[in-house]
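Number of protein chains: 2
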Amino acid sequence: MTTPRAPRNSLTRERVIVGARALADARGLEALTIRALATHLGVKPMSIYHYVANKEQLLDALVDSVFEEFHLPQPDGEWRSELANRSRSVRDVVTQHPWALAIMETRTHPGPANLNGHEAVLEVLHRAGFTVEAAAHAYAILDAYVFGFALQDVMLRSIQLDTSAAELREEIDLRNHPRLGEMAEFYVHASSYPLDGTFELGLELALDGIGQLRTHIDTESLPSKADAE
Amino acid sequence: MTTPRAPRNSLTRERVIVGARALADARGLEALTIRALATHLGVKPMSIYHYVANKEQLLDALVDSVFEEFHLPQPDGEWRSELANRSRSVRDVVTQHPWALAIMETRTHPGPANLNGHEAVLEVLHRAGFTVEAAAHAYAILDAYVFGFALQDVMLRSIQLDTSAAELREEIDLRNHPRLGEMAEFYVHASSYPLDGTFELGLELALDGIGQLRTHIDTESLPSKADAE
DNA sequence: GATTTATATAGTACAAAGTACGATAATGAT
DNA sequence: ATCATTATCGTACTTTGTACTATATAAATC
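Keeping their order, the protein sequence lines are chains B and C.
Residue numbers for the first sequence follow this note's numbering, so the first one is 1 and each next one is one higher.
Residue numbers for the second sequence follow this note's numbering, so the first one is 1001 and each next one is one higher.
In structure tokens:
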């Protein structure tokens, strides 16, 4: 009954983080406790604290491991497609880890992958001819849209999972909410995942709008040296 | 030392919720514990459970009380200005209650104020001539942008509050992040709250884009009867 | 006014979770 | 073979939500 002590190299910081991700993915954020994580790793709770100062720091690392998954835009690529791909990647990854946004919101120390992502996006904008000010606007607007959309994806999904359609109908009272009823109807009969199309549509809008913020000098016609640092 | 029992009408559900909001506003979400709330209300912890089944339900009510604060678009107003005002209101209210987004994310039962808000927005879109499908796109895109922007507002502010500029500079390593350095510089020297302008800019973009989704029939020229249910 | 009933407030106590502190065992160094 | 280092772990304390039960107060009835 008394398990022998785990071998000396059972753990690494990496394994702790990966285990935490697995637990959160499989059983949700509220199931990610130090004790559960220890069990999952075949180890006793206090062993984890050799690799992580406290749970907050574990969550910091967890969030940054999600940022690592985002597609990094290539500085020499075409800005519009690079940003579009990064945006799609962010939405995909975030919806695959529905717990991620909740943790991101409470982080106060941006991790290296997060910072690298910012740098890469800003570099793309810079090379595309955005001034610092234009880039500030463009990035804030695009990120707001992308993370906001992912937020809605996640919230919608969690409602669907936790609350049955019948339960919802009861709570909503369709007599007083005819438009909402229409909309629900529309979504029920819509194709597989109707928000995918909506996301693309809004992404085009955002990129179109952002494009207008560029300096009107067509930087692509300039010699690349003049554009470089 | 032993306080006498609190008088019989010390509490109401309303007072519990208002007290919870005050606590969260003043000391943050993590300070909102049942015990702290009880002290704040001059009452013992278990008394709260006479008005609220559990803490989850309290959070449900808390979130819905925030939705109540959002400006309700007027069905007979001009769609663009109504939606713009609602959007500004959402951002303002959410940034005034930085804890709200975190709770919203984990709710699975939309409250009445939430539903009424949806209904009002959809009604405005309907009267403006949006088909159900167009309204679905428009609403999802606009909400993604607005909540996403508020999310960034909140995250940025919490980083600023919890992490000193010096601390940040140390963690960021500006040698490897020149663009990020430029951007930080720009924000430091920018006017009072530079994101306000960015929000308005993106809002115009979103509303412009959404406008293109309308049916091209100019519904405003139709007799209102033909447009009514 | 006295008695009964309903209910709002509260006391006690337990479980779950983070983690401080110190012990112990496994590895490498001398 | 001894020692130093350090990865793993046991114990125990604190904080939090809250189940269960008790009690006091207001309302209702006689």
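All C-beta atoms in this analysis are idealised placements derived from N, C-alpha and C, irrespective of residue type, glycine included.
Source: prediction; values computed, not measured.
- Residue state for GLN1074(C) is assigned as coil, using DSSP reduced to three classes.
- Of all C-beta pairs linking the region 1178-1189 of chain C to the region 175-195 of chain B, fewer than three are shorter than 8 Å, placing the two stretches out of contact.
- In this structure, DSSP gives SER192(B) a state outside helix and strand, which the three-state scheme calls coil.
- The beta carbon of PHE186(B) falls within 7 Å of a beta carbon belonging to chain C, placing the residue at that interface.
- Contact between GLU119(B) and MET1155(C) fails: their C-beta atoms lie close to 18 Å from each other, not under 8 Å.
- By the criterion of a C-beta distance shorter than 7 Å, GLY42(B) is surrounded in its chain by ALA6 and SER10, once the five residues flanking it on both sides are discounted.
- Not a single CB atom of chain B sits nearer than 7 Å to the CB of ARG1091(C).
- At least 7 Å separates the CB of THR215(B) from every CB of chain C.
- In the DSSP assignment, MET104(B) falls within the unbroken alpha helix (DSSP H) covering 100-105.
- DSSP places TYR145(B) inside the alpha helix (DSSP H), whose first and last residues are 132-162.
- In the structure shown, SER1065(C) adopts helical secondary structure according to DSSP, grouped into three states.
- Straight-line measurement puts the Cα of ALA84(B) at about 9 Å from the Cα of PRO73(B).
- Residues are counted here when their Cβ sits less than 8 Å from a Cβ of chain C; for the region 53-78 of chain B the count is zero.
- DSSP, reduced to helix, strand and coil, places HIS1097(C) outside both helices and strands of the structure shown, so it counts as coil.
- DSSP, read as helix, strand or coil, puts THR1003(C) in coil.
- The continuous alpha helix (DSSP H) containing ALA1113(C) extends over residues 1112-1127.
- A Cβ of chain C is located within less than 7 Å of the beta carbon of VAL132(B).
- Not a single C-beta of chain B is nearer than 7 Å to the C-beta of ALA1036(C).
- In the three-state reduction of the DSSP assignment, HIS1040(C) falls in the helix class.
- ALA1102(C) has a beta carbon lying within less than 7 Å of a beta carbon in chain B.
- Among the residues facing chain C, THR39(B) is not included, as its CB has no counterpart in that chain under 7 Å away.
- For TYR193(B), the number of other beta carbons within 10 angstroms of its own is below 16, and it is reported as exposed.
- Chain order gives the chain B residues near LEU1195(C) as ALA140, where near means a beta carbon separation below 7 Å.
- Proximity of chain B to ALA1006(C) at the Cβ level (cut-off 8 Å) is not reached, the minimal Cβ distance being about 33 Å.
- Remark: C-beta atoms of ILE17(B) and SER47(B) do not approach each other more closely than 7 Å.
- With fewer than 16 neighbouring CB atoms inside 10 Å of its own CB, LEU1161(C) falls in the exposed class.
- At least one CB of chain B lies nearer than 7 Å to the CB of ALA1144(C).
- Counting only residues of its own chain and dropping the five nearest sequence neighbours on each side, LEU59(B) has a CB closer than 8 Å to the CB of ILE103, THR106 and ARG107.
- Annotated three-state conformation of THR1033(C) is coil, per DSSP.
- When Cβ pairs closer than 8 Å are counted between the two stretches, the region 1111-1127 of chain C is seen not to touch the region 1158-1177 of chain C, the count staying below three.
- At least 7 Å separates the beta-carbon of GLY19(B) from that of LEU32(B).
- Shortest Cα-Cα distance from PRO1075(C) to any of ILE1034(C), HIS1040(C), GLY1129(C) and ALA1053(C) involves GLY1129(C).
- For GLN212(B), the three-state secondary structure derived from DSSP is coil.
- For ALA24(B), the enclosing alpha helix (DSSP H) covers residues 13-27.
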